[in-house]
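J.:
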Amino acid sequence: MKRAARAFWLESPGHGAVRDVTLPDPADDEVVVRALYSGVSRGTETLVFRGGVPASQHAVMRAPFQEGDFPAPVKYGYLSVGVVEEGPAELLGRTVFCLYPHQTRYVVPASAVTVLPSAVPAERAVLAGTVETAVNALWDAAPLVGDRIAVVGGGMVGCSVAALLARFPGVRVQLVDADPARAATAEALGVGFAAPEEASGGCDLVVHASATEQGLTRSLELLAAEGTVLELSWYGDRKVSLPLGEAFHSRRLVIRSSQVGTVSPARAHRTYADRLALALELLADPALDALITGESVFEELPTVMPRLTSGEIPALCHRVRYDKSA
Numbered sequence: 001m002k003r004a005a006r007a008f009w010l011e012s013p014g015h016g017a018v019r020d021v022t023l024p025d026p027a028d029d030e031v032v033v034r035a036l037y038s039g040v041s042r043g044t045e046t047l048v049f050r051g052g053v054p055a056s057q058h059a060v061m062r063a064p065f066q067e068g069d070f071p072a073p074v075k076y077g078y079l080s081v082g083v084v085e086e087g088p089a090e091l092l093g094r095t096v097f098c099l100y101p102h103q104t105r106y107v108v109p110a111s112a113v114t115v116l117p118s119a120v121p122a123e124r125a126v127l128a129g130t131v132e133t134a135v136n137a138l139w140d141a142a143p144l145v146g147d148r149i150a151v152v153g154g155g156m157v158g159c160s161v162a163a164l165l166a167r168f169p170g171v172r173v174q175l176v177d178a179d180p181a182r183a184a185t186a187e188a189l190g191v192g193f194a195a196p197e198e199a200s201g202g203c204d205l206v207v208h209a210s211a212t213e214q215g216l217t218r219s220l221e222l223l224a225a226e227g228t229v230l231e232l233s234w235y236g237d238r239k240v241s242l243p244l245g246e247a248f249h250s251r252r253l254v255i256r257s258s259q260v261g262t263v264s265p266a267r268a269h270r271t272y273a274d275r276l277a278l279a280l281e282l283l284a285d286p287a288l289d290a291l292i293t294g295e296s297v298f299e300e301l302p303t304v305m306p307r308l309t310s311g312e313i314p315a316l317c318h319r320v321r322y323d324k325s326a
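Letter by letter, the sequence shown follows residues 1 to 326 in my numbering.
#1: On a CA-only basis, which of ARG19, LEU47 and VAL191 is nearest GLY330? Give me that one, please.
#2: What do you get for SER237, buried or exposed, if any count of 16 or more other CB atoms within 10 angstroms of its CB means buried?
#3: If I follow the unbroken alpha helix (DSSP H) through GLY129, where does it start and stop?
#4: Is the distance from the Cβ of ARG34 to the Cβ of TYR322 below 9 Å?
#5: State whether the region 270 to 287 contacts the region 118 to 131, with contact taken as three or more CB pairs (one from each stretch) at a distance under 8 Å.
#6: Do LEU328 and LEU278 have their C-beta atoms within less than 9 Å of each other?
#7: Nearest by alpha-carbon distance to ARG94: which of GLU85, SER250 and LYS239 is it?
#8: Along the chain, which unbroken stretches of the alpha helix (DSSP H) at least 4 residues long are found entirely within the region 267 to 304?
#9: In the structure shown, what three-state DSSP assignment does PHE70 receive?
#10: When DSSP labels each residue in this structure, what does VAL120 get in the three-state scheme?
#11: Out of LYS75, ASP29, PHE49 and SER38, which one is the CA nearest neighbour of ALA89?
#12: Where does the unbroken beta strand (DSSP E) through SER85 begin, and where does it stop?
#13: Output needed for PRO26: all residues of its chain with C-beta closer than 8 Å, excluding positions within five of it in sequence on either side, in chain order.
#14: Do VAL74 and PRO96 count as a contact pair if the criterion is CB distance below 9 Å?
#15: My understanding is that SER241 touches GLU213, with C-beta atoms under 8 Å, so please give their C-beta distance in whole angstroms.
#16: What residue ranges within the region 200 to 253 form continuous alpha helix (DSSP H) runs of no fewer than 4 residues, ordered along the chain?
#17: Let me check understanding here. Comparing Cα to Cα, which of VAL18, GLY215 and ASN136 lies closest to PRO243?
#18: Could you name the residues of the same chain whose beta carbon sits closer than 8 Å to that of ALA63, not counting the 5 residues immediately before and after it, in chain order?
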């Protein structure tokens, strides 16, 4: 039995296409998943789309089920939600999340899919990978009760971090972004909002996710003495300059990186599966729907991706919908 599918490929930087795929027969420990939705993470995926992954990071940046190599041709993506059509009885017919690229059907090991909790709709579950990044960031940051925290950069990752911080008791959370439209997103998430020049200082912790030099500089300015900037931005092939003179040393400031590819050392006893399962549980909160800002059908991806990359479509997470008959 031949199983046909269609997949989105980056053919060359800035140009994508949908290709026909013939799936292999699944082994006993594998599943066939029919995609319902996938998500485009505007930060990382648009950087990949424009060919901005530096050669030194080609191996590090590989997605779990990526095909091809950077800069192109490459099949890239990691936010897929679908239904198991073939596989072990306990998974058959279940709705699952998988770190798979944009493709109508795919075959993966059964261990690579995670069943959605009953309280999490498939439409929202495309956020799982980004909320998992936020979970790891907060394991790294270890915020305390009553902390004064700013999240600089109201993109998909920054908003996910702010949404989780909103649940911490006594914490003052302010989302900081140059786009005034992010105020509505902040309100939906239950956190404050400020433009960069109006943000409240004296922060114990600043989470930086704007991927701009100006945002990182402002993050340092917002810290109280001995405060920490947790850097979540990934700049790809861009250089960044910082004001590490002035009062940086006398105020004993800290800049610390965080990256989802490794489970936070603060939770080294936890597994990747634990972390993803927690992220999916947290997605039961309908407030997180505010992070999904647009939707298109799968076949439109070759024209949608350039518009997401240029900013013509000002997305946080852009959801891709798949035809049920595909």
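From the three backbone atoms N, C-alpha and C, an ideal C-beta is built for every residue, glycine too.
T.: A quick look at the data gives this:
#1: This structure does not reach residue 330, given that the chain is present from 1 up to 326, and the question cannot be answered.
#2: Position 237 of the sequence shown, counted from the start, is the residue given in the question as residue 237. For the record, residue 237 in the displayed sequence is Asp; it is not Ser. Under this definition ASP237 is an exposed residue.
#3: Residue numbering aside, residue 129 sits at position 129 when the sequence shown is read from its first letter. Judged by DSSP secondary structure, GLY129 falls within the alpha helix (DSSP H) whose first and last residues are 128 to 141.
#4: To locate residue 34, count along the sequence shown from 1; it is residue 34. To locate residue 322, count along the sequence shown from 1; it is residue 322. Closer than 9 Å, so yes.
#5: Flag = yes, the region 270 to 287 and the region 118 to 131 touch.
#6: Because the chain spans 1 through 326 in this model, residue 328 falls outside it and cannot be assessed.
#7: Taking the first residue of the sequence shown as position 1, residue 94 is located at position 94. Looking from the CA of ARG94, the closest CA among GLU85, SER250 and LYS239 belongs to GLU85.
#8: List check, alpha helix (DSSP H) in window: 272 to 282.
#9: Position 70 of the sequence shown, counted from the first residue, corresponds to residue 70. In the structure shown, PHE70 sits in coil (DSSP, three-state: anything other than H, G, I, E or B).
#10: Indexing the sequence shown from 1 puts residue 120 at position 120. DSSP places VAL120 in coil when its eight states are reduced to three.
#11: Walking along the sequence shown from the start, residue 89 turns up at place 89. Checking every option, the nearest Cα to that of ALA89 belongs to ASP29.
#12: Reading the sequence shown from its first residue, position 85 is the one you call residue 85. Residue identity check: residue 85 is Glu in the sequence provided, not Ser. From DSSP, the beta strand (DSSP E) with GLU85 extends over 80 to 86.
#13: Residue mapping note: residue 26 aligns to position 26 of the sequence shown, counting from 1. Result list for PRO26: VAL32, GLU86, GLY87 and VAL107, in chain order.
#14: Position 96 of the sequence shown, counting from 1, holds the residue named residue 96. Position 74 of the sequence shown, counting from 1, holds the residue named residue 74. For clarity, residue 96 is Val in the given sequence; the question names Pro instead. No, the pair does not count as a contact, with Cβ atoms beyond the cut-off.
#15: Locating residue 241 in the sequence shown gives position 241, where the first residue counts as 1. Locating residue 213 in the sequence shown gives position 213, where the first residue counts as 1. SER241 to GLU213, Cβ: 6 Å. Contact.
#16: Those alpha helix (DSSP H) runs which fall completely within the region 200 to 253 and span 4+ residues are 213 to 221.
#17: Position 243 of the sequence shown, counting from 1, holds the residue named residue 243. Minimum Cα distance to PRO243 is reached at GLY215.
#18: Here residue 63 corresponds to residue number 63 of the sequence shown, with the count starting at 1. Residues TYR76, GLY77, TYR78, LEU99 and PRO101 of the same chain have their beta carbon placed closer than 8 Å to that of ALA63, with the five preceding and five following residues left out of the count.
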